[in-house]
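Peer 1:
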Amino acid sequence: MNIFFAKKLLRLAWQALLSNPLRSFLTTLGIIIGSMTIIIVIALGEGAKRDIEKQYSSMSVKTIIINAPSTSEGEKSKLNIEDVDLLIQLPSVSMAVPQLSGRVEMQSESQSSNLAVLGSTPQIQKLINLELVSGRFFNEQDDENKAKIVVVGAIVAEELFGSKTADVIGKTILIGKKEFEIVGLLKYKGASVGPTAVDDSIFAPYLTTYRYILGSNGKFNINMEAKSVELIKQATEDITNVLKISHNIKPGMSDDFRIRDMGTTVSSAINSSRTMQILLSLVGIIVLLVGGIGIMNIMYVTVTERTKEIGVRKAIGAQEEFILFQFLFEAFILSFVGYLSGFLLSFFVIWLLNIFSVSVVMVWWSYILSLIVTMGIGVFFGYSPAKKAASLLPIDALRYE
Amino acid sequence: MKKKLIELKSITKSYFIGKEKFDILKGINLRLDEGDFVAIMGPSGSGKSTLLNIIGCLDTPTKGSYFLQNKDISGFTNKQLAIVRNESIGFIFQNFNLIGSLTVLQNVTLPAFYKGQEDDKRAKELLKKVKLEERYSFKPNELSGGQKQRVAIARSLMNNPSLILADEPTGALDSKTGKEIMDIIISLNKKENKTIVMVTHDESIALLAHKIIRLKDGFII
Chain A
615 MNIFFAKKLL
625 RLAWQALLSN
635 PLRSFLTTLG
645 IIIGSMTIII
655 VIALGEGAKR
665 DIEKQYSSMS
675 VKTIIINAPS
685 TSEGEKSKLN
695 IEDVDLLIQL
705 PSVSMAVPQL
715 SGRVEMQSES
725 QSSNLAVLGS
735 TPQIQKLINL
745 ELVSGRFFNE
755 QDDENKAKIV
765 VVGAIVAEEL
775 FGSKTADVIG
785 KTILIGKKEF
795 EIVGLLKYKG
805 ASVGPTAVDD
815 SIFAPYLTTY
825 RYILGSNGKF
835 NINMEAKSVE
845 LIKQATEDIT
855 NVLKISHNIK
865 PGMSDDFRIR
875 DMGTTVSSAI
885 NSSRTMQILL
895 SLVGIIVLLV
905 GGIGIMNIMY
915 VTVTERTKEI
925 GVRKAIGAQE
935 EFILFQFLFE
945 AFILSFVGYL
955 SGFLLSFFVI
965 WLLNIFSVSV
975 VMVWWSYILS
985 LIVTMGIGVF
995 FGYSPAKKAA
1005 SLLPIDALRY
1015 E
Chain B
7 MKKKLIELKS
17 ITKSYFIGKE
27 KFDILKGINL
37 RLDEGDFVAI
47 MGPSGSGKST
57 LLNIIGCLDT
67 PTKGSYFLQN
77 KDISGFTNKQ
87 LAIVRNESIG
97 FIFQNFNLIG
107 SLTVLQNVTL
117 PAFYKGQEDD
127 KRAKELLKKV
137 KLEERYSFKP
147 NELSGGQKQR
157 VAIARSLMNN
167 PSLILADEPT
177 GALDSKTGKE
187 IMDIIISLNK
197 KENKTIVMVT
207 HDESIALLAH
217 KIIRLKDGFI
227 I
């Protein structure tokens, strides 16, 4: 087999496929869908992964969040602001910040909107990397004084004052009947930080939030940071022990608090999106296998239909490998054209998904993977009919009617 | 002294249908020289087609040896046999056996293609010789029976083989067209010294050959 034969036989195979375009198209349909599925599934998986990474990117893996699980018995968690003072003393913990959050109706002079409020201590700024565009963040004094001041996220500025970068410093927001002065505007993040939607929130001192805005209606949790990555596990254990004693939880009782560390949360989120991606890729491979069986099926029909032609070719001197490659190239072309169509279609589908703001990220290796799997399957399933054609005895093939 | 082209020694051919054995050829000895023109005749079932297929390397004998151009080809592999068919033998069939998806010209060049060559010039010359110039790009189904057989003859000559095998070459043609085809075959023998082995059941066609080999029940009589 040399280039001369390869070129000629490829053209021969191409002509044979073109002589029955509808059949060729239907044969390759499974391959088109299968190869497209693999590309899209990988793009979806990468999109999900990127979303997760973006969401947690500005959050340290050392972050540990304690919240009160919603209990079915209506028993209230004892998790409260006093736990923060206990936990900050732990040697494995570098930071402990209370968070009181909820949604409230708030107004500017011209607009009103239902937005998130987050009450915390000044350390929250460092803990979740809040960057200011203008003004300042609240400080310890503000908290002690229950000062009626807030720092607003970019979306809040947009909703209430018309622009993400509006000059809001010194303006007031009305929550209930109380006025709060804006002292700072946060930079637009475009993604939430862990569970906190920074852009949609106003940040206020903890005591201010408790006293004037949310009271006991807010959701309370504690954000902490372990001193180092190695100490995350130690910190989790220490926190559990401290809270069990402080909440007076006896052995056998279930905890009234839940501890999550970010490292584990992020990796389990990425793992589950990875699992999903693998499962869906399997679906793509199964579609390809079915497509491959379709190719094999039609190739057998073709070989049977063209038995006489094979006989003639052999009679005038075609060697077995020429017949083998003639038919193998048909399977090869069907797979390759199927792959190319699937490849092009995947752009269209991904464009559609983008319109519906599903996050997808095209990755180059998905094309290679899809190509390898598709060609492998096509040629694998094409081999057996091609081999059958090649090993026909010339006299039997010639006599075939 | 003529040059020996083919020698068959004690060729037998048996088929099994189920467990029953059928002997089609029961010991054929035959020698053909270059430039011979023989007709093989016999009633159906006498083994004449089987003999032609064995001579043409399309079928292999059960026993016996076959020398072609002084080479014992009985033990040849499939690949070697394909090369022999390609380079040393030209086939003309009763039902033409052209490939319908290819043009006239492509059909004629096919033997050269399987030899690894591209020679449209020679194919065109051959088509001119059988008076089919201007039909290069026709498909076989656009041709009459006589024209198809002339394409087949051009194809059989493509690699300039010394042996031409014709299996009832006029069987599917009317007598006038059949005569035209026979004229071409005769001239191949006369002018180009091709050795021709022809199977026919038409006595008047067989008489055109130099020699008639009659087969009956697997023997030459």
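These protein sequence lines map, in sequence, to chains A and B.
All residue numbers for the first sequence refer to the numbering used here, where the first residue is 615 and numbers rise by one.
All residue numbers for the second sequence refer to the numbering used here, where the first residue is 7 and numbers rise by one.
Positions of the beta carbon are idealized from the N, C-alpha and C atoms, including for glycine.
Can you say whether Asp781 (chain A) is buried or exposed, counting buried as having 16 or more other CB atoms within 10 angstroms of its CB?
Peer 2: With fewer than 16 Cβ atoms within 10 Å of its Cβ, Asp781 (chain A) is classed as exposed.
Peer 1: Between Tyr981 (chain A) and Lys922 (chain A), how many whole angstroms is the CB-CB distance? I'm expecting something under 8 Å.
Peer 2: Between Lys922 (chain A) and Tyr981 (chain A) the Cβ distance is about 41 Å, and since that is not below 8 Å, they are no contact.
Peer 1: Look up Pro1017 (chain A) in the DSSP assignment and say whether it is helix, strand or coil.
Peer 2: Beyond the ends of chain A as shown, which are 615 and 1015, falls residue 1017 (chain A); an answer cannot be given.
Peer 1: Quick one: what does DSSP say Met910 (chain A) is sitting in, helix, strand or coil?
Peer 2: Of the three classes helix, strand and coil, the one that applies to Met910 (chain A) here is helix, per DSSP.
Peer 1: Alpha carbon to alpha carbon, how far is Ile12 (chain B) from Val203 (chain B)? Give it in angstroms, no decimals.
Peer 2: Whole-angstrom Cα-Cα distance: 11 Å.
Peer 1: Between Thr18 (chain B) and Lys32 (chain B), is the Cβ-Cβ spacing less than 8 Å?
Peer 2: Yes, they are a contact pair.
Peer 1: Mind checking if Gly931 (chain A) is an interface residue toward chain B, Cβ cutoff 8 Å exclusive?
Peer 2: Closer than 8 Å: yes.
Peer 1: What is the residue span of the beta strand (DSSP E) that Asp29 (chain B) lies within?
Peer 2: Counting along the chain, the beta strand (DSSP E) containing Asp29 (chain B) begins and ends at 26-39.
Peer 1: Could you check what DSSP says for Thr779 (chain A) in three-state terms: helix, strand or coil?
Peer 2: The answer is coil: DSSP assigns Thr779 (chain A) none of H, G, I, E or B.
Peer 1: If you count every other CB in all the chains shown that lies within 10 Å of the CB of Thr176 (chain B), and 16 or more means buried, which is it?
Peer 2: Burial call: buried.
Peer 1: Taking Cβ positions, are Thr854 (chain A) and Ile873 (chain A) nearer each other than 8 Å?
Peer 2: In contact: Thr854 (chain A) and Ile873 (chain A) (Cβ atoms closer than 8 Å).
Peer 1: Less than 8 Å between CB atoms is the rule here; does Ser633 (chain A) satisfy it with respect to chain B?
Peer 2: Taking Cβ atoms only, chain B reaches closer than 8 Å to Ser633 (chain A), which makes this a yes.
Peer 1: Quick one: list the residues of chain B neighbouring Val926 (chain A), beta-carbon separation under 7 Å, in chain order.
Peer 2: Within chain B, the residues near Val926 (chain A) are Asn103, Ile105.
Peer 1: Mind checking if Leu948 (chain A) is an interface residue toward chain B, Cβ cutoff 8 Å exclusive?
Peer 2: By this cut-off, Leu948 (chain A) is not an interface position.
Peer 1: Spatial neighbours of Val812 (chain A) within its chain, please: CB distance less than 6 Å, with the 5 preceding and 5 following residues excluded, ordered by chain position.
Peer 2: Gly767, Lys803, listed in sequence order.
Peer 1: Check whether chain A comes within 8 Å of Ile89 (chain B), counting only Cβ atoms and requiring the distance to be less than that.
Peer 2: Cβ-Cβ to chain A under 8 Å: yes for Ile89 (chain B).
Peer 1: According to DSSP, is Phe43 (chain B) part of a helix, a strand, or is it coil?
Peer 2: Correct three-state label for Phe43 (chain B): strand.
Peer 1: Grouping DSSP H, G and I as helix and E and B as strand, with all else coil, what is Lys803 (chain A)?
Peer 2: Three-state result, Lys803 (chain A): coil.
Peer 1: Against chain B, with Cβ distances strictly below 8 Å, would Leu1006 (chain A) count as a contact?
Peer 2: No, no contact with chain B.
Peer 1: Which word fits Tyr21 (chain B), buried or exposed, when buried means at least 16 other C-beta atoms lie within 10 angstroms of its C-beta?
Peer 2: Exposed, since its Cβ has fewer than 16 Cβ neighbours within 10 Å.
Peer 1: Please confirm whether Ile1009 (chain A) has its beta-carbon closer than 8 Å to some beta-carbon of chain B.
Peer 2: So, interface residue.
Peer 1: Excluding five sequence neighbours on each side, which residues of the same chain lie with their C-beta closer than 8 Å to the C-beta of Glu773 (chain A)?
Peer 2: So the list reads Gln725, Ser727, Leu729, once near-sequence residues are dropped.
Peer 1: For the segment 664-679 of chain A, list every residue whose C-beta sits within 9 Å of some C-beta in chain B, in sequence order.
Peer 2: Residues: none.
Peer 1: Here's the rule I'm using: 16 or more other beta-carbon atoms within 10 Å means buried, otherwise exposed. How should Met876 (chain A) be labelled?
Peer 2: Its Cβ being crowded by 16 or more others within 10 Å, Met876 (chain A) is buried.
Peer 1: Can you tell me whether Thr677 (chain A) is buried or exposed, with buried defined as 16 or more other CB within 10 angstroms of its CB?
Peer 2: So Thr677 (chain A) counts as buried.
Peer 1: Which residues mark the beginning and the end of the alpha helix (DSSP H) in which Pro167 (chain B) is found?
Peer 2: Unbroken run through Pro167 (chain B): none, as it is neither H nor E.
Peer 1: Spell out the partners DSSP gives Leu788 (chain A) in its beta bridges.
Peer 2: Answer by DSSP bridge pairing, in chain order: A:Gln721, A:Glu793.
Peer 1: Less than 8 Å between the C-beta atoms of Ser55 (chain B) and Asp173 (chain B), yes or no?
Peer 2: In contact: Ser55 (chain B) and Asp173 (chain B) (Cβ atoms closer than 8 Å).
Peer 1: At a Cβ threshold of 8 Å, is Leu1012 (chain A) touching chain B?
Peer 2: Leu1012 (chain A) counts as touching chain B.
Peer 1: Measure from the C-beta of Pro175 (chain B) to each C-beta in chain D and report whether the shortest distance is under 8 Å.
Peer 2: Given the protein chain composition of this structure (A and B), no chain D is represented.
Peer 1: Do Ser168 (chain B) and Glu40 (chain B) have their C-beta atoms closer together than 8 Å?
Peer 2: Against a cut-off of 8 Å, the Cβ pair of Glu40 (chain B) and Ser168 (chain B) comes out as a contact.
Peer 1: What does Ala630 (chain A) reach in chain B if we use C-beta pairs closer than 9 Å?
Peer 2: Simply Ser107.
Peer 1: Select from B:Asn195, B:Lys127, B:Tyr120 the residue whose C-alpha is nearest the C-alpha of Phe936 (chain A).
Peer 2: Answer by Cα proximity: B:Tyr120.
Peer 1: Indicate whether at least one CB of chain B lies closer than 8 Å to the CB of Phe941 (chain A).
Peer 2: By this cut-off, Phe941 (chain A) is not an interface position.
Peer 1: Can you pull the chain A neighbours of Met195 (chain B), defined as C-beta to C-beta under 7 Å?
Peer 2: One point to set straight first is that residue 195 (chain B) is Asn, not Met, in the sequence displayed. None at all; the shortest Cβ gap to chain A is about 21 Å.
Peer 1: Just the chain B side, please: which residues come within less than 7 Å of Glu923 (chain A) by C-beta, in chain order?
Peer 2: Within 7 Å Cβ-Cβ: Ile105.
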